[in-house]
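Shown next, in structure tokens, is the structure this report addresses.
Protein chains in written order, with the numbering used here: chain A, 1 to 539; chain B, 1 to 539.
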């Protein structure tokens with residue numbers, strides 16, 4: 001059986017950005033676009049050129065991608081030509097190979113929200129799409145409120161879709177803009193649209209999660225014949241979010257009847273990137289990843305029930321619908337049992353530490369990790385801190401130096417020119433061998449602006465480490481993430497620091513404390529210690 | 001048209017408790033059971049008597065409910081009678097009016113996991129259910145792995161269901177235990193089961209969210225004829241969770257065809273309790289509620305896109321599929337750089353500030369917001385800071401006081417008992433009228449543990465504000481979120497602070513700076529200033 005091509009259209013950078021509290025920087029947009037491209041989506045909707053400075057900046061230097069880069073906009077307004085609509089011009093001027101325009105398809109919205117005639121709206125659709133085609137672009141039409149519109153006035157909704165297709169649109173996308181349509185209705189209406197003569201391989205589906213059915217609605221449309229799905233990473237999007245492309249990709253690639261029916265742009269070897277991609281977005285948004293997310297959640301393959309856990313050890317298919325490794329995720333079974341220990345051994349080997357299968361210290365390390373995770377630590381990303389914890393328990397961690405004390409001060413006051421300025425200063429006292437070393441630092445960037453207490457502390461700590469100084473000179477702090485998390489009953493601060501050295505190595509460390517400075521200092525210390533261990537500094 | 005009865009079965013207290021990290025106390029179980037009963041679910045599954053101390057304790061003093069209290073257990077084991085199975089005895093001894101027993105219906109599991117014959121399993125089902133019926137209980141049978149079992153061996157899966165029904169079970173519940181079945185398949189198999197002679201009004205559906213389709217799967221089974229839905233509050237449950245009863249109740253009560261087809265135990269006047277009930281569970285679990293949850297999320301009716309926001313102002317049905325008030329939720333029209341002037345005016349009106357439609361200052365405020373959002377500010381959530389920004393631009397913000405300087409110190413060193421401890425101290429100098437006030441504070445919790453520099457600063461700032469002191473005495477800082485907004489060397493820190501007062505008001509403020517202390521201080525100042533404005537403090 002030949003598999004039909006099914007297209008994935010990502011709108012994380014546009015509709016995803018409609019989420020309350022989400023505002024990507026241009027650099028973040030580029031980073032996300034690259035990761036989407038590596039995964040293998042077919043279209044990347046980068047934003048609305050002209051709508052805001054970030055989107056305009058992104059399109060001024062669009063990253064080159066295998067995926068079709070797409071600019072979003074709206075159909076021209078009534079009373080002017082497509083050529084003379086400056087909102088549309090900003091969109092086409094972005095120069096992307098594809099352009100997606102949203103337009104009305106619900107009579108009520110044409111008359112109430114736009115206040116124009118039904119014919120004027122048809123003309124706006126037709127002329128705008130024709131204009132894109134004349135400019136040599138691939139044109140897509142997002143038919144806003146299509147399902148509500150179809151229920152109210154099926155003839156008019158279909159006329160809007162036809163106007164776009166007849167003008168040369170590659171795709172007409174049926175949008176459930178308000179997210180209120182349920183799966184059977186999406187399936188039925190999509191089938192009726194196809195029966196009315198609009199080919200399924202030119203139909204897309206765009207759903208929202210307002211009834212928690214965005215994924216099911218997308219699948220229902222595909223089962224009815226639509227061949228493009230629009231969605232976002234982790235279901236980001238306005239209100240309750242858009243269809244979650246991460247869940248959809250898992251299902252479309254791994255579950256029948258879809259896996260046998262369709263060919264996707266997401267290749268076999270790209271699928272295990274799914275979990276990392278999902279977490280990348282959360283990292284950028286500084287959000288706690290949803291542990292219970294389908295396929296990619298940290299708990300998606302966690303088996304707490306005793307009966308399930310023991311069956312899993314006999315045969316994972318007893319309680320798992322897919323193999324966690326297929327999407328780059330992993331199984332979690334209760335820490336205390338045998339499987340937990342073999343997982344741990346595997347991680348230790350990855351860090352270059354060999355431990356016997358029956359070493360009693362494995363259980364102790366597991367207990368340690370569990371205790372610390374209860375306090376708010378997280379070793380999923382902070383691989384370097386995990387390694388130090390294990391080394392400490394195994395007696396493989398030298399005492400390089402001891403921090404006797406530190407003090408950091410932040411002061412805000414008027415300077416000589418009567419302007420308010422902020423100054424940070426840090427003092428660190430360490431003991432190396434028998435010797436005490438004291439360093440002081442303030443932290444400024446090139447323009448003389450204060451960079452805050454954590455930077456001052458990092459600079460002071462790295463300023464004079466005596467015999468170890470040469471080992472850390474090429475280290476730099478490249479990322480710093482702060483999260484307030486619950487440790488037991490109290491809120492604590494978790495700091496994760498990413499460091500890099502001149503060899504291009506990058507490592508993450510974690511610190512936890514009610515005090516953000518303390519948490520940061522702990523992560524800084526781990527970062528330095530890991531570097532000393534890895535480079536074989538003498539104790 | 002007579003509406004058919006559709007039954008809701010809540011398993012938050014049993015299957016919900018299988019979630020990683022969830023362990024209800026007995027008191028919490030009672031609290032949740034009461035709230036579920038007020039909402040109007042038909043069955044409350046309280047736990048597995050005998051499986052753990054909490055569940056046994058809960059059943060020792062089960063709260064009296066209108067809903068049918070149900071104990072959960074498993075069918076008797078092979079080689080002993082139902083009367084002599086002590087695991088089953090613990091369940092029946094709980095004395096609940098209904099008992100739900102899980103048993104196998106997938107031949108592979110019978111032979112692999114249980115290691116017994118297919119006939120022995122049928123006998124276990126039949127004898128266990130007959131035993132419950134003989135004891136005068138309402139009996140339910142959870143057919144584990146039913147869908148996978150049906151696909152592998154339909155005859156045997158059906159025989160298991162029939163064995164339970166013939167023995168007198170009120171309900172046979174088709175369980176998608178591994179969560180891997182997709183909606184069309186659930187619909188098709190449920191229809192086939194009914195066609196095979198098992199009445200729909202004795203069929204229940206129990207789904208999991210491993211493909212993000214648990215809600216859709218439940219709806220598909222109901223459309224095919226099943227008349228009981230099992231689920232949990234907020235979709236709590238092992239791995240990716242169970243079907244979310246909150247979303248299902250919203251849809252079943254408010255959306256067609258369900259609203260006209262079915263009668264639920266959830267009464268008209270109970271539906272607006274839905275949002276509060278959902279948040280109650282998060283409160284008990286000490287979790288941050290999912291803002292994007294269908295129907296009940298804080299952002300479920302938040303309209304960020306400028307085009308949407310202006311249409312919403314004309315007619316809410318343009319971008320809302322149901323009225324937020326119907327489920328006890330409310331609409332949010334947040335500020336963002338994508339919002340237009342009408343959105344801005346609407347926000348100002350909500351803050352008690354009337355501005356003419358053609359006031360030139362509206363455009364200036366929008367520019368201001370855009371500029372500041374480019375610097376890293378975010379006014380979507382920080383409504384109070386937005387309000388202050390607007391008031392300042394409109395000349396409506398009194399100068400209550402001026403901060404002349406502050407200093408905060410964090411010191412880590414050994415205490416008298418030779419233990420490393422951390423101390424934070426803050427000094428704040430403000431000028432009120434002509435008078436200078438200087439306050440100093442350190443920040444400790446009840447156990448004498450340092451709470452960090454931000455807390456110290458907040459305490460010092462709120463310690464002596466002279467004539468304004470009485471206005472802020474009842475304020476407290478309830479949440480504190482930190483985000484690094486741009487990577488690399490230009491990283492800035494964004495701090496969002498949530499404050500609360502004794503009137504139960506809650507407001508959010510934002511601060512941005514390369515220095516986390518500075519950013520926090522800015523947000524703190526806004527929090528206090530907003531309170532002074534709202535309470536009408538004299539300038």
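Using N, Cα and C, we set each Cβ at its ideal position, and we do this for glycine too.
Note: residue 444/B is bridge-paired with 450/B in the DSSP secondary-structure output. Within the segment 87–100 of chain B, no residue has its Cβ closer than 9 Å to any Cβ of chain A. Residue environment for residue 263/B: exposed (fewer than 16 other C-beta atoms within 10 angstroms of its C-beta). Excluding sequence positions up to five before and after residue 388/B, its CB lies within less than 7 Å of the CB of 397, 526, 529, 530, all in the same chain and listed in chain order. Burial check for residue 92/B: the Cβ neighbour count within 10 Å reaches 16 or more, so the residue is buried. For residue 149/A, the enclosing alpha helix (DSSP H) stretches over residues 146–152. By the Cβ test, the segment 125–144 of chain B is in contact with the segment 98–110 of chain B, since at least three Cβ pairs between them sit closer than 8 Å.
Per the coordinates, the alpha-carbon of residue 362/B lies some 21 Å from the alpha-carbon of residue 510/B.
As computed with DSSP, residue 405/B is found in a beta bridge with 429/B. Between residue 160/B and residue 217/B, the CB-CB gap reaches or exceeds 9 Å.
Residue 343/B places its beta carbon less than 9 Å from that of residue 309/B. With at least 16 other beta carbons inside 10 angstroms of its own, residue 407/A counts as buried. Counting the other Cβ atoms within 10 Å of the Cβ of residue 207/B gives 16 or more, which makes it buried. The alpha-carbon of residue 38/A is positioned some 23 Å away from that of residue 23/A. Residue 112/B and residue 319/A have their C-alpha atoms some 12 Å from each other.
Between the segment 269–280 of chain A and the segment 200–214 of chain B there are fewer than three inter-stretch CB-CB distances shorter than 8 Å, so the stretches are not counted as touching.
Counting C-beta pairs closer than 8 Å gives three or more between the segment 181–195 of chain A and the segment 223–233 of chain A, which meets the contact rule. Proximity of residue 215/A to chain B, defined by a Cβ-Cβ separation below 9 Å, is satisfied.
For the 9 Å CB-CB criterion, residue 68/B and residue 43/B form a contact. DSSP places residue 125/B within a helical segment (H, G or I) once states are collapsed to three.
Under the three-state reduction of DSSP, residue 240/B is assigned to coil, being neither helix nor strand. With a threshold of 9 Å between beta carbons, residue 440/B makes no contact with chain A. Using a 10 angstroms sphere on the CB of residue 73/B, the tally of other CB atoms reaches 16 or more, which defines it as buried. If you look at residue 511/A, you'll find it in the beta strand (DSSP E) that goes 506–513. The continuous beta strand (DSSP E) containing residue 203/A extends over residues 203–206. At the C-beta level, residue 421/A and residue 404/A stay beyond 9 Å of one another.
Here residue 84/B is exposed. Its C-beta has fewer than 16 other C-beta atoms within 10 Å. At a Cβ-Cβ threshold of 9 Å, residue 441/A and residue 450/A do not count as neighbours. The alpha-carbon separation between residue 327/B and residue 17/B amounts to approximately 25 Å. Under the three-state reduction of DSSP output, residue 228/B falls in the strand class. Listed as beta-bridge partners of residue 45/A by DSSP are 70/A. Annotation: residue 265/B is outside any alpha helix (DSSP H) and is labelled neither H nor E by DSSP.
Inclusion of residue 249/A and residue 298/A in the CB contact set at 9 Å is not warranted, their separation being larger than that value. Across the set 7/A, 255/A, 180/A, the C-alpha of 7/A shows the shortest separation from the C-alpha of residue 170/A. Ranking 507/B, 424/B, 180/B, 87/B by CA distance to the CA of residue 532/B puts 507/B first.
Contacts with chain A (Cβ-Cβ distance below 7 Å) from the segment 44–70 of chain B involve no residue at all.
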